[in-house]
Amino acid sequence: VSTQSTGSSGINAEYGGADEQFEIGKAKIVKSSSTDKVLVIGCGITLESAMGAYSTLADEGTNIRVMDPFTVKPLDCEAVVRNARECGGRVITVEDHYPQGGLGEAVAGALSSADFLTNQKILAVREIPRSGPPAVLLDMFGISANKVADAVREMTK
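Per the numbering used here, residue 114 is the first one in the sequence shown, and the count goes up by one each step.
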């Protein structure tokens with residue numbers, strides 16, 4: 114199975130090949146290095162935002178780890194906690210809807226059992242949604258690649 118995000122931001126968040134297996138409740142690490150500063154978790158169009166931030170930040174010399182949880186319920190809590198630990202406890206979640214009951218809260222629940230200090234930022238829609246060009250809306254609601262990169266810069270300064 115191969116997955117490809119076909120959102121309108123111009124970032125092609127594609128990974129996996131014909132033999133790639135996806136399993137309910139098992140996250141995939143899309144990008145990683147041994148020097149990742151922040152774990153960024155996104156799914157769907159917000160995975161695109163995370164991948165765009167990855168590229169921008171890599172050009173600046175900052176490495177981030179990008180995770181696709183594949184499923185939120187059930188969430189791969191073990192992978193969230195392990196990868197958060199490897200990134201110094203710094204986690205940013207990105208979701209294209211209200212934060213209540215979403216990815217950010219699920220990740221917060223997983224991190225609540227961690228035996229190390231964590232710092233989490235939830236990027237989500239916090240205003241009444243409206244229609245418009247997708248790229249404009251992603252930026253307006255703070256979930257575009259640029260906004261993710263800004264959140265990483267703020268968290269790591």
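From the three backbone atoms N, C-alpha and C, an ideal C-beta is built for every residue, glycine too.
All values derive from a computational prediction rather than experimental measurement.
With 16 other Cβ atoms within 10 Å as the buried cut-off, status of residue i
i    : result
E223 : According to the sequence displayed, residue 223 carries Ala and not Glu. Buried is the call here.
A203 : Going by the sequence as given, residue 203 is Arg instead of Ala. That one is buried.
I241 : exposed
P182 : buried
K270 : exposed
A131 : exposed
A219 : buried
Expected contact under 8 Å - CB spacing of residue i and residue j to nearest Å
i    : j    : result
V238 : D209 : 7 Å
V151 : I205 : 6 Å
V153 : A140 : That belief does not hold up - the Cβ atoms of V153 and A140 are roughly 12 Å apart, past 8 Å.
C156 : L216 : 7 Å
K234 : A264 : 5 Å
Contacting residues, own chain, Cβ-Cβ under 6 Å from residue i (five flanking each side not counted)
i    : result
I257 : Checking the sequence shown, residue 257 turns out to be Ser, not Ile. These residues qualify, in order along the chain: S162 and L251.
E267 : none
8 Å CB neighbourhood of residue i in its chain, flanking five on each side removed
i    : result
R243 : L250
C169 : It should be pointed out that residue 169 corresponds to Thr in this sequence rather than to Cys. Excluding residues within five positions, the ones whose Cβ falls inside 8 Å are A258, N259 and A262.
G245 : M253
V194 : A223, L224, S226 and A227
S122 : With a pLDDT of 47 at S122, under the threshold of 50, the modelled position of that residue is not reliable, and the figure given next carries that caveat. Excluding residues within five positions, the ones whose Cβ falls inside 8 Å are I158, E161, S162, G165, P247, A248, L251, S257 and A258.
Y211 : A237, V238 and R239
Close-in-space but distant-in-sequence residues of the same chain around residue i (CB under 7 Å, 5 per side omitted)
i    : result
G138 : T184, P187 and D189
### Query
At a cut of 8 Å, does the segment 164 to 181 reach the segment 229 to 238 through at least three beta carbon pairs?
no
### Query
Can we say the segment 136 to 149 touches the segment 181 to 201, given the rule of at least three CB pairs closer than 8 Å?
Yes, the segment 136 to 149 is in contact with the segment 181 to 201.
### Query
Considering only residues of the segment 188 to 267, which uninterrupted alpha helix (DSSP H) runs meet the minimum length of 4 residues and lie entirely inside it, listed in chain order?
190 to 199, 216 to 224 and 247 to 253
### Task
Ignoring anything shorter than 4 residues or poking outside the segment 129 to 173, list the alpha helix (DSSP H) runs there in chain order.
If only uninterrupted alpha helix (DSSP H) runs of at least 4 residues are considered, those enclosed by the segment 129 to 173 are 158 to 173.
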